[in-house]
Amino acid sequence: MKRIVLLLGATLLVLGLAGPAQAKILAAVSIAPQAYILRQIAGDRVDTLVMVPAGADAHTYEPKPRQLADLGRAAVYFGVGMDFEKAWLPRFAATNPKMAIVQTDAGIEKIPMMAHHHEHGGEEAAGQGPGHEEGHHDEAGEPDPHVWLSPRLAKVLAASMRDALAKADPAGAAVYAAGYDRFAASCDALDADIRKMFADLPPGEHKFMVFHPSWGYFARDYGLTQEPIEQLGREPGPKVLAALVREAKEDGVKVIFVQPQMSARQAETIAQAIGGKVAALDPLAEDWPGNLLAGAKALREGMAGGPEGK
């Protein structure tokens, strides 16, 4: 018995000298890809709250009561420029005035969400002046928030997270700095791998057709052209839909890409008309690097020079 008492006393002494366990901070993010990035930086030092879970549609998002309750103990919220943040971030801040709100996309020069319009048989569309192919015009919409689909820009998001976490938890600053360095290196490697996939793309075979134009930064990074079916957030009418079918045939497009969270009805209409197929391309998947690699492979195979386009 005496030995047990001595052992217990020694154990309590060690625990006392070690001090209290490090309490984790809670960080909230808008979408699942951000959660992946956050975990690469913070490891298990930070708990993560994802407001729009994987599989949900960010365009129709409304927070659940449990999420609002959890936000009450969050130390920081990482925004990324999603549309719903404009309406909800002020309310989130009111829920927890002590929570720091960090726009991780601050400083990134946004490209506009583009709609590609067509003029066929007298159909009019807004254009951007000379230099465009006759009958085809691009119209700029709201700034494109999908910056995380660029490995290069993902490093900018990660740097904002690193700095904000170090401010909220100074004792973990070295952990966050090391995590960022590892993530940045992985972004560079991912970028190189994707670039190789498109290195042999024949001239004129760089276009892909997608329902919702989420992949603008990805397309810009790798010399591709994104052709959206959706027109500035609206489904196209019959004339534009017919023009898209004609253009897909002219360009040898055989795969129409859709976001799993959205309707595939019009994409299926075009695919049937061109003798092609519909494939999923998810900008909101949590496995950020795996999703980008899979997306790049699907895009490459679906283009005119790839296996699906031949």
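Heads up: the sequence shown runs through residues -23 to -1, 1 to 287, numbered per mature numbering (1 follows the signal peptide of the UniProt record, and there is no 0).
We put the beta carbon where it would ideally sit given N, CA and C, even for glycine.
What residues in its chain sit with their C-beta under 8 Å from that of residue 293, if we drop five residues either side in the sequence? What is shown of the chain runs -23 to 287, which leaves residue 293 out entirely.
Is it true that the CB of A273 sits closer than 7 Å to the CB of I171? Closer than 7 Å, so yes.
D177, buried or exposed, once every other Cβ within 10 Å from all chains shown has been counted against 16: A residue is called buried once 16 or more other Cβ atoms fall within 10 Å of its Cβ, and D177, having fewer, is exposed.
Report buried or exposed for T37, applying the criterion of at least 16 other Cβ atoms within 10 angstroms of its Cβ. The residue in question, T37, is exposed, as its Cβ has fewer than 16 Cβ neighbours within 10 Å.
What does the alpha-carbon distance come out to for the pair M186 and V152? Between the C-alpha atoms of M186 and V152 there is a straight-line separation of about 42 Å.
Please go through the same chain and pick out, in chain order, the residues whose beta-carbon is closer than 7 Å to the beta-carbon of D198, but skip the five residues on each side of it. Closer than 7 Å at Cβ, skipping near neighbours: S127, R129.
Where do the ends of the beta strand (DSSP E) carrying F55 lie? Segment 53 to 56, the beta strand (DSSP E) holding F55.
Among A31, L26, G58, whose alpha-carbon lies nearest the alpha-carbon of A46? Of A31, L26, G58, the residue nearest in Cα terms is L26.
Residue range of the unbroken alpha helix (DSSP H) whose run includes I206: It is not in any alpha helix (DSSP H) - I206 carries neither H nor E in the DSSP assignment.
Reference L258; option with closest CA among Q249, R277, A250: The candidate whose alpha carbon is nearest that of L258 is R277.
For A169, which of G279, D34, A5, L270 has the nearest alpha-carbon? For A169, the nearest C-alpha among the options comes from L270.
With a 10 Å radius around its C-beta and 16 neighbouring C-beta atoms as the bar for buried, classify G279 as buried or exposed. Flag for G279 reads buried.
State the start and end residues of the unbroken beta strand (DSSP E) segment that holds V27. Unbroken beta strand (DSSP E) run through V27: 23 to 29.
If you compare alpha carbons, which of M239, E245, L3 is closest to L221? Closest option to L221, judged by alpha-carbon separation, among M239, E245, L3: E245.
Coil, strand or helix - G253 by DSSP: The answer is coil: DSSP assigns G253 none of H, G, I, E or B.
Beta-carbon separation (whole angstroms), A145 vs I14, contact threshold 8 Å: The pair is not a contact, with the Cβ atoms about 16 Å apart (cut-off 8 Å).
What does the alpha-carbon distance come out to for the pair H113 and Q203? With a pLDDT of only 45 at H113, under 50, the local geometry of the prediction cannot be trusted, and the value read off the model is given with reservation. The C-alpha of Q203 is placed about 14 Å away from the C-alpha of H113.
In three-state terms, what does DSSP make of K231? Here K231 sits in coil by DSSP.
Go to S163, then tell me how far its alpha helix (DSSP H) extends in each direction, as first and last residue. For S163, the enclosing alpha helix (DSSP H) covers residues 150 to 174.
Residues in its own chain within less than 6 Å of residue 299 by CB, not counting five upstream and five downstream? What is shown of the chain runs -23 to 287, which leaves residue 299 out entirely.
The beta strand (DSSP E) enclosing A241, as first and last residue numbers: Careful: A241 lies outside any beta strand (DSSP E) and carries neither H nor E.
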